[in-house]
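Chemist:
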Amino acid sequence: MNKKRSHIFRGLASIFLAFTVLFGTVMSVALSWEGRVNELLGVSDDTFARSQDPDDYYYKSDYEDPADLIKAEIALNTRMEAEGAVALKGTPAVDGTGVTLFGMRSQAMQYGGSMGSLVESKQAVRLADALEEYGFSVNPDMVSFYESMEENYAPTKAAGGNCVDINKGSTVNEVPVKEYFAVSPDSMEGYKDAAVVVLGRDAGEGACFYPGEDGTADPDEFSNSPTGNILSLSNAERALINYVENQGFKKVIVLLNSACAMEIEELKQDDAVDSILWIGNPGCYGTYGIAQLLKGDVLPSGHLTDTYAVNSALAPAMRDYGAYVFTNADDIDTSSNNALRSRWYLAEEESIYIGYKYYETRYFDSVLEQGNASQALTGETADGGKVWDYDNEVSYSFGYGVEGSSFSEEITDAKIDWSGETQSEVTVKVTNTGDNAAKHAVQLYVSLPYTDYDKENGVEKSAIQLVGYGKTGEAQENSFEDVVLLEPGESEDVTVTFTATDLYSYDMTYEHDDVTGAYILEAGDYYFATGNGAHDAVQGVLKEQYPDKMKDTEPTGDVYKETVDSEMTLTESNETTVQNQLTDGDLNSYNCGTEITYLSRNDWAHTFPVGIGEITATEEMIALLRNEIYDKEAENAAYEGETEFTYGADNGVQAIALRGLDYDDPLYDKVLDEVSLQDMLNTYCSLMNSNEDIVMPKENGADSPVGLLGTIGKYTAGTLYEVAEDDPSYGHSTAVYVSENVVAATFSPELSSEQGRLIGNAGLWDGYTGWNAPGLNIHRNQYNARNLEYYSEDPILTGTMGSNVYRQAVAYGMVVAGKHFAFNDQETNRDGLAVFLSEQAARENELRGFQIAFRDGNANSLMTAFNRLGCTHVGASKGLMNGILRGEWGFKGYVITDSVKSSQYFLPSECLVAGNDRMLGGSNNVSVWGYTEDEVADDMVIQAGVRESYHRYLYTYVNSSVMNGISEKTDATGVIAWWILALQLAMGISFVLFVVFLVLFILKYRKERKNNESEKIQ
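Okay, structure coming up:
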């Protein structure tokens, strides 16, 4: 018995020793991620006691109570949806109040996306409920019917994914017509003023659709589709439309709940469908805006942000889309888990011709019978024929939308500064020629001359491109709560402003200052045009230039010609020489045996993409694809900076003293000298803890282009914005907004600005200081399920909308990281995808949108993308990051990577020397990468780089709301988070019990041994 007791004590001692070691290890790891753990647990980790003096708050909310902010969010989203939903056919207003909802998405609507674009489902207002609130009587039997069907017919997700070598199909899973046999026709009586049919497609991060059989998990689902594509109507959706049309409704309205432009030519041609209304993703409260449109309380004024093609899979940007694998991929990465993320590529053969730039330019050239525009040699026509005809290819053009009244436009004044040194202005007089008071969106386009020089030097030009836009009434409105309509017979001047250099073309062959590459504006006639979309505008230009060819067209806008007498060039920007910086993003620079023939309007027929085929990576490409391109010896040999830095000095200067100072103020060096090298490395590798030495609080960051992915009161304890947990507003999600393409479809500078303002306010009430949004990538095609997070296929619309949101959110202290810089053109294999494209296409499409947003939005941060530019991760591309972003654009903001999934893909040193400021570590940190003081002690390039990144960190965050409540009197609180105390207590108790049982074991063991010896003597 005694032996058993000693064994028990020894066992218990061992157990509690193991617990001690376990809790110690857990605490060691957790403390290295203290900020992240606090964030996950919803714990305020503010090391400093915030002042309660309002004078110490540098950014203040417009709302004294969070409940007022919530009301504003509801009202703004209602108006954005009402003005952003696009009437494509007919008018959506219902004559009567009895309606019946059809389609599974009437019940399971796609309010937002997935992952980073989720909206709070508990706050989302169902369409049926919104309609009831606006006075409609909604057929309850059909609402119940879809509720009962949801278990078996819930809408399915798009496919795609990461680290995949094949395309996977999706399904729509609409309720089949056979299920409606159980519905009594009598149940629809009293609800036949309108049938509202909701069709849609999934939207979300990490997901894509694919055309043809690859894109459909069940080919039978689309066996009757005119195009056979997942974005067309499925058999069940078509059967539903037919069923509804035979039920005797006074009006049939189809709502399109999709961020991707669906293929709906058959709905357009269907006379029994009275109205088609694109609603995008309405967020939590946009259904109220839909209800206003159906009620007729608001008349439509939204316009498309994308082209609706008859068969969008035939666009040139779709010829290489999906999972494409290097032929020697297994030799590049021999790991078992694709750790290098180096297998996949995407070749963008379309040059600048995405969206309307393709369709409208080819139309322009086909009218003029030039560039073989009407010849179709590669099957790029909807009917499969050899003649390309615009009317057979496009259902609705970019910028199109049916408005609530008719309007005339007249360009009355134009002040163009072609140098771009000052803002240009074009004034458009809008007259309401209809019978209804309504809003009107002015869209201003320009047609650039396409010259012999362009043809000889491979400079591509779109026949029409958006310049800017405006909306009636907004000059008289003080906020989104004011709505000013243009009355019948009344006129209003709308002034569109823009920077003329945004219209320049990039010439990759232009030689100057011993380099190649510059922006050019050629001599010639420039035609500015207004109209209901890009097609209306380009027809106006053609009719002005070639009236005999356009006798049968009646453009609705006006045209103004401006002549540029001599060529203008942009060869220097921000004291940086403009030159080719993205050559390594062009596949043709690698001599790998496969070349891209880029689409050219000089010969549409013979340059239209046919698919790039297989690519075998060369040794040069393989070296880049293996990611470790930082050469310590070579980099330090070329280094000409400081050879010694001061760390941990006691200068007595706090970070708050830097607030408002210029970036180059010498006081920054005083503060930087106080910071240890390890703290700088920790911050760079995403260990974003407070720094007590300089009284620098930790920032709190949140995601989501559909609003701030946080909740009211989460991180505001101890501040002026603290919210009691029993307050009804506490815990309210602020990720509630309509999708970005709905915001853009308003064509409203005011509403996009107001969104930025409210999100800035939400940051103050949530306690978040950083926002990873807005999404600024281009809709390169319509098969990217993440299109809801981005504004448009057009860079001007993208950039201006983004700048409005940026400017206002930054004004309320938010650090706004627009994303994903750059070329995040598909979600499939986004983590490591090698994107190949021409420099002109890169600069004039994707980068132009980012540049406008950063330049005009007072941008203070950005997030890089997962993908590569060529074979190099975009965050490690010196040409893109240092050459263009920090060089030509002069960007001094804080640059962060996207979340690091594999520690062997985008690497800290490679990104640092390219101008990156923070690795968004995911599960990686300094210990994973070996980023310690000892490791970099002899590497002055890394020390200089990490010091500069900390400089930008300070510059960005001391001028943000993270300093709210911080003054020179601020002290550390000494408060320890509860989970740290719990771990310390658990480890302490375990250690004490270990000692107790160890002592008991020793004592018992000695006694047993003594007894044993006595027994032996006896």
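With our numbering applied, the sequence shown covers 13 to 1030. Just so you know, even glycine gets a beta-carbon here, dropped at the ideal spot from N, CA and C. Nothing here was measured: the structure is a model prediction, and the numbers come from that model.
#1: Measuring only the C-alpha atoms, how far is R17 from L721?
#2: For K204, name the three-state secondary structure that DSSP assigns.
#3: Starting from H832, follow the beta strand (DSSP E) in both directions and report where the run begins and ends.
#4: So F419 and V442 are in contact, right, with Cβ under 8 Å, and what is the actual spacing, rounded?
#5: Can you tell me whether F193 is buried or exposed, with buried defined as 16 or more other CB within 10 angstroms of its CB?
#6: Go through its chain and collect everything with a Cβ distance to E405's Cβ below 8 Å, but skip five positions before and after it.
#7: How about W834 and I771: are their beta carbons less than 8 Å apart?
#8: Between the Cα of M692 and the Cα atoms of M931, T109, L897 and S313, which residue gives the shortest distance?
#9: Going by C-alpha to C-alpha distance, which of A207, G218 and I1014 sits closest to G172?
#10: Helix, strand or coil for F21 per DSSP?
#11: For M562, collect the residues of the same chain with a Cβ closer than 6 Å to its Cβ; drop the 5 residues on either side in sequence, then sort them by chain order.
#12: In three-state DSSP terms, what is T575?
#13: Could you check whether T317 and N753 sit closer than 8 Å to each other, using their CB atoms as the reference points?
#14: So which of S921, D983 and E851 has the shortest CA-CA distance to H885?
#15: Assuming P167 contacts M92 (C-beta within less than 8 Å), just tell me the rounded distance between them.
#16: Kindly confirm or deny that the region 121 to 129 and the region 272 to 289 touch, where touching means at least three C-beta pairs closer than 8 Å.
#17: Which stretch, first to last residue, makes up the alpha helix (DSSP H) that contains G96?
#18: Relative to the C-alpha of R959, which candidate in Q690, L1010, G292 and G825 has its C-alpha closest?
#19: Determine contact between the region 759 to 776 and the region 101 to 114, defined as no fewer than three beta-carbon pairs at a distance below 8 Å.
#20: What does the Cβ neighbour count give for S237, buried or exposed, with the cut at 16 atoms within 10 Å?
#21: At 4 residues or longer, and completely inside the region 125 to 172: list those alpha helix (DSSP H) runs for me, N to C.
#22: Per DSSP, what are the beta-bridge partners of A453 in this structure?
#23: When we look at the beta-carbon of E85 and count the other beta-carbons within 10 Å, is it buried (16 or more) or exposed?
#24: Is it right to say K398 is buried, meaning 16 or more other beta carbons lie within 10 angstroms of its own, or is it exposed?
#25: In terms of DSSP beta bridges, what is F419 paired with?
#26: Kindly list the residues whose CB is nearer than 6 Å to the CB of L708, restricted to its own chain and excluding five residues on each side of it in sequence; keep chain order.
#27: Would you report the Cα separation of F1003 and V1011, rounded to the nearest angstrom?
#28: Using the DSSP secondary-structure output, state which residues sit across from M1090 in a beta bridge.
#29: In this structure, what does DSSP give as the bridge partners for Y320?
#30: Is the CB-CB distance between V590 and A530 below 8 Å?
#31: When burial is assigned at 16 or more other CB atoms within 10 Å of the CB, is G23 buried or exposed?
#32: Taking 8 Å as the cut-off, decide whether the C-beta atoms of E805 and G501 are in contact.
#33: For the alpha helix (DSSP H) that contains H791, what are its first and last residues?
#34: Residues in the same chain with beta-carbon distance under 6 Å from Y659, minus the five sequence neighbours each way, listed in chain order, please.
#35: Going by the beta-carbon positions, is the gap between A120 and F1006 smaller than 8 Å?
#36: Do E858 and N789 have their C-beta atoms within less than 8 Å of each other?
Modeler: Quick answer:
#1: Looking up residue 17 in the sequence shown gives position 5. Looking up residue 721 in the sequence shown gives position 709. Answer to the nearest angstrom: the Cα atoms are 56 Å apart.
#2: Position 192 of the sequence shown holds residue 204. The DSSP-derived three-state label of K204 is coil.
#3: Numbered from 1 along the sequence shown, position 820 holds the residue referred to as residue 832. Start and end: V827 to F833.
#4: Here residue 419 is taken as the residue at index 407 of the sequence shown, counted from 1. Here residue 442 is taken as the residue at index 430 of the sequence shown, counted from 1. In this structure, F419 and V442 form a Cβ contact; the two beta carbons are roughly 6 Å apart against a cut-off of 8 Å.
#5: Residue 193 sits at position 181 when you count from the first residue of the sequence shown. Of the other Cβ atoms in all chains shown, fewer than 16 fall within 10 Å of the Cβ of F193; this residue is therefore exposed.
#6: Here residue 405 corresponds to residue number 393 of the sequence shown, with the count starting at 1. Correct list, in chain order: A321, V322, N323, L326, Y371, T393 and A394.
#7: As a first step, residue 834 is located in the sequence shown; it is residue number 822 there, counting from the start. As a first step, residue 771 is located in the sequence shown; it is residue number 759 there, counting from the start. In the sequence under discussion, the amino acid at residue 834 is Ala, which differs from the Trp named in the question. Judged by beta-carbon spacing, I771 lies beyond the 8 Å limit of A834, meaning their Cβ atoms are not closer than that value.
#8: Against the sequence shown, residue 692 aligns to sequence position 680. Nearest of M931, T109, L897 and S313 to M692, Cα basis: M931.
#9: Along the sequence shown, read from residue 1 onward, the residue named residue 172 stands at position 160. Considering only alpha carbons, the answer is G218.
#10: Here the question's residue 21 lines up with position 9 in the sequence shown. Three-state DSSP puts F21 in a helix.
#11: Taking the sequence shown and counting its residues from 1, the one referred to as residue 562 is at position 550. Here the set comprises L554 and K555.
#12: Indexing the sequence shown from 1 puts residue 575 at position 563. In this structure, T575 counts as strand in the three-state DSSP scheme.
#13: Reading the sequence shown from its first residue, position 741 is the one you call residue 753. Reading the sequence shown from its first residue, position 305 is the one you call residue 317. Yes, the pair counts as a contact, with Cβ atoms nearer than the cut-off.
#14: As a first step, residue 885 must be located in the sequence shown, where it is residue number 873. With distances taken between Cα atoms, H885 lies closest to S921.
#15: For the purposes of this step, residue 167 is identified with residue 155 of the sequence shown, where counting begins at 1. For the purposes of this step, residue 92 is identified with residue 80 of the sequence shown, where counting begins at 1. The Cβ separation is near 23 Å, so there is no contact.
#16: Judged by Cβ distances under 8 Å, the region 121 to 129 makes no contact with the region 272 to 289, as fewer than three pairs qualify.
#17: On the sequence shown, position 84 is the one that residue 96 refers to. Element bounds for G96: P78 to G96.
#18: Within the sequence shown, the letter at position 947 stands for residue 959. Comparing Cα positions, the closest option is Q690.
#19: As far as the Cβ criterion goes, the region 759 to 776 does not touch the region 101 to 114, which means the pair count is below three.
#20: Residue 237 sits at position 225 when you count from the first residue of the sequence shown. The residue is buried, with at least 16 neighbouring Cβ atoms inside 10 Å.
#21: For the region 125 to 172, the full-length alpha helix (DSSP H) segments reaching 4 residues or more read 139 to 145 and 152 to 165 along the chain.
#22: Translated into positions along the sequence shown, residue 453 becomes position 441. DSSP lists K483 as partners of A453.
#23: Taking the sequence shown and counting its residues from 1, one reaches residue 85 at position 73. With 16 or more other Cβ atoms within 10 Å, it is buried.
#24: Locating residue 398 in the sequence shown gives position 386, where the first residue counts as 1. The residue is exposed, with fewer than 16 neighbouring Cβ atoms inside 10 Å.
#25: Residue 419 sits at position 407 when you count from the first residue of the sequence shown. Note: F419 sits in a beta bridge opposite N444.
#26: Residue mapping note: residue 708 aligns to position 696 of the sequence shown, counting from 1. Looking at the sequence provided, one finds Met at residue 708 rather than Leu. In its chain, beyond the 5 residues on either side, A667 have a beta carbon closer than 6 Å to the beta carbon of M708.
#27: As a working mapping, residue 1003 is identified with position 991 in the sequence shown. As a working mapping, residue 1011 is identified with position 999 in the sequence shown. Here the C-alpha atom of F1003 lies approximately 12 Å from the C-alpha atom of V1011.
#28: Here the chain comprises residues numbered 13 to 1030, so residue 1090 is not present and cannot be evaluated.
#29: Translated into positions along the sequence shown, residue 320 becomes position 308. Answer by DSSP bridge pairing, in chain order: Y408.
#30: As a position in the sequence shown, residue 590 is number 578, starting the count at 1. As a position in the sequence shown, residue 530 is number 518, starting the count at 1. Closer than 8 Å, so yes.
#31: The count along the sequence shown starts at 1 and reaches residue 23 at position 11. Exposed, because fewer than 16 other Cβ atoms sit within 10 Å of the Cβ of G23.
#32: Locating residue 805 in the sequence shown gives position 793, where the first residue counts as 1. Locating residue 501 in the sequence shown gives position 489, where the first residue counts as 1. No. Outside cutoff.
#33: Looking up residue 791 in the sequence shown gives position 779. Here H791 belongs to no alpha helix (DSSP H), and DSSP marks it neither H nor E.
#34: Translated into the one-based positions of the sequence shown, residue 659 becomes position 647. Cβ neighbours of Y659 beyond the five flanking positions: S688 and L689.
#35: Against the sequence shown, residue 120 aligns to sequence position 108. Against the sequence shown, residue 1006 aligns to sequence position 994. It is not a contact, given that the beta carbons lie outside the stated cut-off.
#36: One-based indexing of the sequence shown puts residue 858 at position 846. One-based indexing of the sequence shown puts residue 789 at position 777. In contact: E858 and N789 (Cβ atoms closer than 8 Å).
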